[in-house]
Every structure is written in structure tokens, then in C-alpha cells.
Amino acid sequence: MNKLTIKEEEIMSFFWNNGPLFVREIVDLYPEPKPHFNTISTNVRSLEEKGFLSHTSYGNTFKYFHIIEEQDYKRGTLLNVVNKYFKNSYLGLVSSFIEEDKISIDELKKLIEKAENSKTD
458 MNKLTIKEEE
468 IMSFFWNNGP
478 LFVREIVDLY
488 PEPKPHFNTI
498 STNVRSLEEK
508 GFLSHTSYGN
518 TFKYFHIIEE
528 QDYKRGTLLN
538 VVNKYFKNSY
548 LGLVSSFIEE
558 DKISIDELKK
568 LIEKAENSKT
578 D
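Position in the sequence shown (from 1) plus 457 gives the number in my numbering.
Spelled out as C-alpha cells, the structure:
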């Protein structure tokens, strides 16, 4: 799966949260100062080229819609991080969280309990 820039992720979040959109509608979703229409249009076309969006034609304008679900993107991104930085080891990832005090022992116990319960379902 292709990586997204921060700006592309921001635009994708509009699609994941709002469904199909015209470029003008995306611009309207931004707070002031709003980005230029052409800038957003270029980013949307890039997302389509990367395989994240497709479109339906309405005369001379396009309504874009996501073809990659947010969960699929998140899962793919996590897999890339684990592979690249933790040598494909989820244990290494969790160990890193523990070492950096990003997760407590109680939270870890809850995760273990959740994992054990999900295996019995």
C-alpha cells in the first residue's frame, strides 16, 4: 500500500468521515484560511493515482469517493511500522511502549486479558 503524506491523510479523513465529495466540498470543510481549490484538486488527483480514491463524472466535474477503507489503511500503516522499525516483531513494538512508559503494567494486563478472552470466543 502506498504511503500518504500528512496533507493526503487529512484529505482522506474528509472522505472517510463524510463519504463522496466534490473538490469544492472538501475546500469548504477546511477552516479559514481555506486552501486554494487547485491545491486540493491536485492532491485529490494524486490520491486517485495512488489508488485511494475513484470518481463519478457529472458533466465537467467529478465527485470523488474512497476505495480504501480507513481501517485497511491503518492496518497497512501499522504493519509497515512494525516491519520497518521493529523487524516484524510485535513484541518489540510492545516492549518499546513499555520502555518509553507509554503503556502501564495494568494496561498491558488488560490487553492480555482481552487477547485471552478473544481466543475463547
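Here a beta-carbon is modelled for each residue, glycine too, at the ideal position from N, C-alpha and C.
Check	Outcome
Tyr547, enclosing alpha helix (DSSP H) - first and last residue	Tyr547 to Glu556
Every unbroken beta strand (DSSP E) within the region 468 to 528, with a cutoff of 3 residues, ordered by chain	510 to 515 and 518 to 523
Simplified DSSP state of Asn459, which is helix, strand or coil	coil
Sub-8 Å separation of Phe494 and Arg481 beta-carbons	yes
Rounded C-alpha distance that separates Ile497 from Leu565	42 Å
CA nearest to the CA of Gly516, picked from Asn500, Lys576, Lys544 and Phe479	Phe479
Sub-8 Å separation of Leu510 and Ile524 beta-carbons	yes
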